[in-house]
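At position 161 of the sequence shown (counting the first as 1) the number is 297 in the numbering used here, and the numbers step up by one without a gap. Down below is the structure, laid out as structure tokens.
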Amino acid sequence: MLTTGWRIGRIGGVEIRADPSLLLIAGLITFNLWVTFSGRFPHLSATASVALAALTAVLFFASILIHELAHAGMSKARQIPVLGITLWMFGGATHAKVEARGPGDEFLVTVVGPLSSAALGGLFLAVHASGEALGGPAVFLLGYLGAINLLLAVFNLLPGFPLDGGRLLRSIVWKVTGSLHRATRIAARVGQGVALLIAGAGLFQAIARGNLVLALWPALIGWFLFRAATDSLAEEGRRLRLQGTRAGQLMSSPPPAVPPDLPVGTALAGLLYGHEGEAFPVVEDGSVLGFVSEASARGVEADRPVRDAVFGSRAAVKAGPEETMDVVVERMGEPPSRTVLVFQGGALVGVIEPEDLGRYLKRLPRTRVS
């Protein structure tokens, strides 16, 4: 998800992105709040009601961002690299491989999220209480933000993976059993159960009130959580199956590497000639600068170096032939989409395409996560 959506900016060196689905939920929240403000404060003009609704929605999403920044900040404090934060319709996601460090780190990185939401909720409610006698839209806004942040904290503490509560459960089971695989399986199974309970509770409430529309949002949340927990089980199974496989076993013969200082004209007349639609890695001192193709080279003057025609610098990752694939696959993205260039002693010795990984996994027997 990190590579999708719009880049909002960076905070503390962490890239913040917004998924397009955020627009949908932002519109729904703003509309709902506009109706609420108009009903509670009929003296407000339509413009003022819309402005207050939009402001409340922005502050709500800022609260979610603070929740995610708490995760990111603790990750950095524990020397865990943070790839970025994505905001989307169901909240936010901080992209960091916390499980690579240990159960203690996962617990600390996870728990600060709900704690930050609870602290924000308490702060908003305290300010709301101090001005409650005055009434008015601003006081209502503070009360709404306080309640929604406390609700966010409680919801995230539900013991269903991949919610924060599920991650806390996994870290505790991991600490007790010493097995990340078993802890992930238990947390994911509990997550599936929590998802079904949320959807079921929404359906029960809808039937009790005679309005099936009430079940739509809980059902959507339940569906997302169930799918996320199921995907976590599948990912853990894949990791188990790849533990005994080294990159050298999957790699195929690499395409010729192109020196970055080779003139573009020379590359077009030689290596790239007759290979329309193919791309070749550009390698310098054992580092991948990107790829060059006939199409990218033709857009550059013939006397310029090939490095000026490079594209897709993030489309490939490096690996050594002795690295296990459960480690390498983490660099390929989710789902795995990046090409792996295998180096040994500074020389390019092989390549692994995402399709190669997929075919290999299909040949492997299923492994039960226990």
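We put the beta carbon where it would ideally sit given N, CA and C, even for glycine. Quantities reported herein were computed from a predicted structural model and do not represent experimental measurements.
The beta carbons of proline 273 and phenylalanine 167 sit no closer together than 8 Å. A distance below 8 Å separates the beta carbons of leucine 386 and tyrosine 496. Here the stretch 174–193 makes no contact with the stretch 213–226; the two share fewer than three CB pairs at distances below 8 Å. Looking from the CA of glycine 358, the closest CA among Gly469, Leu333, Arg440, Ser473 belongs to Leu333. Inside the stretch 391–453, DSSP marks whole beta strand (DSSP E) runs of 3 or more residues at positions 415–420, 423–429, from first to last along the chain. Nearest to glycine 435 by C-alpha distance, out of Asp421, Gly401, Arg467, is Gly401. If only complete runs of 3 or more residues are kept, the stretch 452–504 shows the beta strand (DSSP E) at 452–455, 475–480, 483–488, in order along the chain.
Counting C-beta atoms within 10 angstroms of its own C-beta, phenylalanine 340 has fewer than 16 neighbours from the protein chains shown and is therefore classed as exposed. When DSSP states are grouped into helix, strand and coil, threonine 230 belongs to the strand group. For arginine 237, there is no enclosing alpha helix (DSSP H), since its DSSP letter is neither H nor E. Counted as a single uninterrupted DSSP element, the beta strand (DSSP E) harbouring threonine 222 occupies residues 218–224.
About 10 Å separates the CB atoms of proline 239 and serine 315; that is not less than 8 Å, and the two are not in contact. For serine 315, the three-state secondary structure derived from DSSP is coil. Secondary structure remark: continuous alpha helix (DSSP H) runs of at least 4 residues inside the stretch 149–193, in chain order: 157–176. With a 10 Å radius around the Cβ and a threshold of 16 neighbouring Cβ atoms, alanine 182 comes out exposed.
Nearest in C-alpha terms to alanine 232, of all of Ser473, Lys212, Arg321, is Lys212. The count of Cβ pairs closer than 8 Å, one atom from the stretch 439–446 and one from the stretch 470–478, stays below three, leaving the stretches out of contact.
A distance below 8 Å separates the beta carbons of glutamate 372 and arginine 321.
Under a 10 Å Cβ-count criterion, glutamate 412 is classified as exposed, with fewer than 16 other Cβ atoms of the shown protein chains found around its own Cβ.
For secondary structure counted as the alpha helix (DSSP H) over 4 or more consecutive residues, the stretch 315–372 holds these complete runs in sequence order: 316–345.
Secondary structure note for glycine 145: its beta strand (DSSP E) is the uninterrupted segment 142–147. Counted as a single uninterrupted DSSP element, the stretch harbouring glutamine 379 is not any alpha helix (DSSP H), since DSSP gives it neither H nor E. Of all C-beta pairs linking the stretch 390–406 to the stretch 359–369, fewer than three are shorter than 8 Å, placing the two stretches out of contact. When C-alpha distances from glycine 410 are compared across Glu430, Pro298, Val424, the shortest belongs to Glu430. The straight-line gap separating the alpha-carbon atoms of arginine 375 and tryptophan 142 is approximately 30 Å. Per DSSP, phenylalanine 297 is not a residue of any alpha helix (DSSP H), being assigned neither H nor E.
Within the same chain, Cβ atoms closer than 6 Å to the Cβ of glycine 482 are found at Gly422, the five residues on either side in sequence being excluded. Between the C-alpha atoms of leucine 378 and aspartate 367 there is a straight-line separation of about 16 Å.
Of the residues Ala370, Ala206, Val463, Arg214, the one whose Cα lies closest to the Cα of glycine 380 is Val463.
Around the beta carbon of arginine 499, fewer than 16 other beta carbons sit within 10 angstroms, so the residue counts as exposed. Looking at the backbone, the Cα of valine 487 and that of valine 478 are separated by about 6 Å.
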